[in-house]
Amino acid sequence: MLSNRVGTLLLTALAPAVWGTTYLVTTELLPPGRPLLAAVVRALPAGLALVAVTRRLPQGVWWWRALVLGALNIGAFFALLFVAAYRLPGGVAATVGAIQPLLVAVLSSGLLGERLRPRTLIAAVAGVAGVSLLVLRAGARLDGLGVAAAAGGAVVMATGVVLSKRWTSPAPLLATTGWQLVAGGLLLLPVALFTEGPPPAPTSTNLAGYAYLAVIGSALAYALWFRGIRLLTPTDVTFLGLLSPLVATVLGWLALGQELTVAQGFGAVVVLGSLVAAQGGRGRGSRSTHTLPPTDRPAAGTTSSTA
Numbered sequence: 002m003l004s005n006r007v008g009t010l011l012l013t014a015l016a017p018a019v020w021g022t023t024y025l026v027t028t029e030l031l032p033p034g035r036p037l038l039a040a041v042v043r044a045l046p047a048g049l050a051l052v053a054v055t056r057r058l059p060q061g062v063w064w065w066r067a068l069v070l071g072a073l074n075i076g077a078f079f080a081l082l083f084v085a086a087y088r089l090p091g092g093v094a095a096t097v098g099a100i101q102p103l104l105v106a107v108l109s110s111g112l113l114g115e116r117l118r119p120r121t122l123i124a125a126v127a128g129v130a131g132v133s134l135l136v137l138r139a140g141a142r143l144d145g146l147g148v149a150a151a152a153g154g155a156v157v158m159a160t161g162v163v164l165s166k167r168w169t170s171p172a173p174l175l176a177t178t179g180w181q182l183v184a185g186g187l188l189l190l191p192v193a194l195f196t197e198g199p200p201p202a203p204t205s206t207n208l209a210g211y212a213y214l215a216v217i218g219s220a221l222a223y224a225l226w227f228r229g230i231r232l233l234t235p236t237d238v239t240f241l242g243l244l245s246p247l248v249a250t251v252l253g254w255l256a257l258g259q260e261l262t263v264a265q266g267f268g269a270v271v272v273l274g275s276l277v278a279a280q281g282g283r284g285r286g287s288r289s290t291h292t293l294p295p296t297d298r299p300a301a302g303t304t305s306s307t308a
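Here the numbering used here is used: the first residue of the sequence shown is 2, the next is one more, and so on.
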């Protein structure tokens, strides 16, 4: 049982590790000044492909649930992230976003009945401190709207993670992942066209970057992420998101020649320590204590795919 949980954690951790490559791919392979276009291309084609492969459409309440989850996990999150990225230095946005594990822990306590452990709270605070050491720069300017957008992004994503656990779909995992990507992409599309205008003609380099974001950064990464939410507690999963700024920092050092300071190295150690601390101290029955209401349970004889 312990080895299964460790394996699930490691597979789930691949998702935020992949998302940590997004900055490098965006800056090196995609046209500048088109973050929302990148978000749409990242979500919509991948979602349509997953729906086509699985040949499953939402049924009943899952039409509006897929829309809500897609808006929270994809559409609203990317839009708020876009506003924060344009109005704040990246380090400030990442530090504000690092409050997400704490938000998930609190929401899980209220919506899923999970026990709010002191270890979790301490690890969450340490995670924010570690990310700030990793990416925050002295003299970074603050913008009220940008900070609000970054905090809002953390709130909507945290809510999406918890609701993804509460609303466990009886459909195959790839199908529900596709629904959310399609919903989020469709919500982002008019915003991208209004904000950024018609997309420019892509180069072969752009196409390679878009393909990576759609196939690896969305279809694969989100499937692993939502699989982790099904099998683990939302709090366990969301702490893994702290790997994204860590991976982005390491890639900036290795691929772009960016300076890596002693403080950043210490921040990386603190981030990894918070991840280990958050995952520790769980017994055999630690997957989730939440019991779904009757309307959320799969129908008798229905198998819920997790692969």
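From the three backbone atoms N, C-alpha and C, an ideal C-beta is built for every residue, glycine too.
Range of the contiguous alpha helix (DSSP H) that encloses residue i
{"i": "ARG57", "result": "Unbroken run through ARG57: none, as it is neither H nor E."}
{"i": "LEU194", "result": "174–197"}
{"i": "ASN207", "result": "205–215"}
{"i": "ILE75", "result": "Unbroken run through ILE75: none, as it is neither H nor E."}
{"i": "LEU233", "result": "No alpha helix (DSSP H) holds LEU233; DSSP gives it neither H nor E."}
{"i": "VAL26", "result": "23–30"}
Expected contact under 8 Å - CB spacing of residue i and residue j to nearest Å
{"i": "LEU70", "j": "GLN181", "result": "5 Å"}
{"i": "VAL157", "j": "LEU45", "result": "About 19 Å separates the two Cβ atoms, so there is no contact after all."}
{"i": "ALA40", "j": "LEU189", "result": "5 Å"}
{"i": "ALA47", "j": "ALA155", "result": "So it is not a contact: roughly 23 Å between Cβ atoms."}
{"i": "LEU244", "j": "GLY21", "result": "6 Å"}
{"i": "THR96", "j": "VAL129", "result": "7 Å"}
{"i": "GLY253", "j": "GLN259", "result": "4 Å"}
{"i": "ALA67", "j": "VAL192", "result": "The Cβ separation is near 19 Å, so there is no contact."}
{"i": "PRO235", "j": "VAL162", "result": "5 Å"}
{"i": "GLY218", "j": "VAL19", "result": "6 Å"}
{"i": "LEU134", "j": "VAL271", "result": "6 Å"}
{"i": "ALA151", "j": "GLY98", "result": "6 Å"}
{"i": "THR55", "j": "LEU175", "result": "5 Å"}
{"i": "PRO173", "j": "ARG57", "result": "6 Å"}
{"i": "LYS166", "j": "ILE75", "result": "That pair is no contact at about 17 Å."}
{"i": "GLY153", "j": "LEU51", "result": "27 Å between Cβ atoms; not a contact."}
Interface flag, residue i vs chain C, CB-CB below 9 Å
{"i": "GLU197", "result": "Going by chain labels, chain C is absent from the structure shown, which holds only one protein chain."}
Three-state secondary structure (DSSP) of residue i
{"i": "VAL238", "result": "helix"}
{"i": "GLY98", "result": "helix"}
{"i": "VAL272", "result": "helix"}
{"i": "ALA86", "result": "helix"}
{"i": "GLY253", "result": "helix"}
{"i": "VAL62", "result": "coil"}
{"i": "THR262", "result": "coil"}
{"i": "ALA34", "result": "Before going on, a small fix: residue 34 reads as Gly here, not Ala. Coil."}
{"i": "GLY281", "result": "coil"}
{"i": "PRO46", "result": "helix"}
{"i": "PRO17", "result": "helix"}
{"i": "PRO246", "result": "helix"}
{"i": "ALA202", "result": "coil"}
{"i": "GLY286", "result": "Here GLY286 scores only 39 on pLDDT, less than 50, and its place in the model is too uncertain to base an answer on."}
Proximity test, residue i beta-carbon vs the ligand FAD heavy atom, cut-off 8 Å
{"i": "ALA149", "result": "The ligand FAD is absent from the structure shown, which contains no ligands of any kind."}
Please specify which runs of the alpha helix (DSSP H), each continuous and at least 4 residues long, are wholly inside the segment 100–180, giving them in chain order. 101–112, 119–136, 145–167
Touch test, the segment 183–194 against the segment 88–107, Cβ-Cβ under 8 Å, three pairs minimum: no
Assess, as a yes-or-no matter, whether the segment 120–128 is touched by the segment 58–75 under the definition of 3 or more beta carbon pairs within less than 8 Å. no
Sufficient close CB pairs (3 or more, under 8 Å) joining the segment 85–104 to the segment 236–255: yes
Under 8 Å, with one C-beta from each stretch per pair, do the segment 76–89 and the segment 208–226 reach the 3-pair mark? no
Report yes or no: do the segment 254–274 and the segment 194–210 share at least 3 C-beta pairs separated by less than 8 Å? no
Check whether the segment 138–152 touches the segment 3–20, counting contact only when three or more Cβ pairs, one atom from each stretch, lie closer than 8 Å. no
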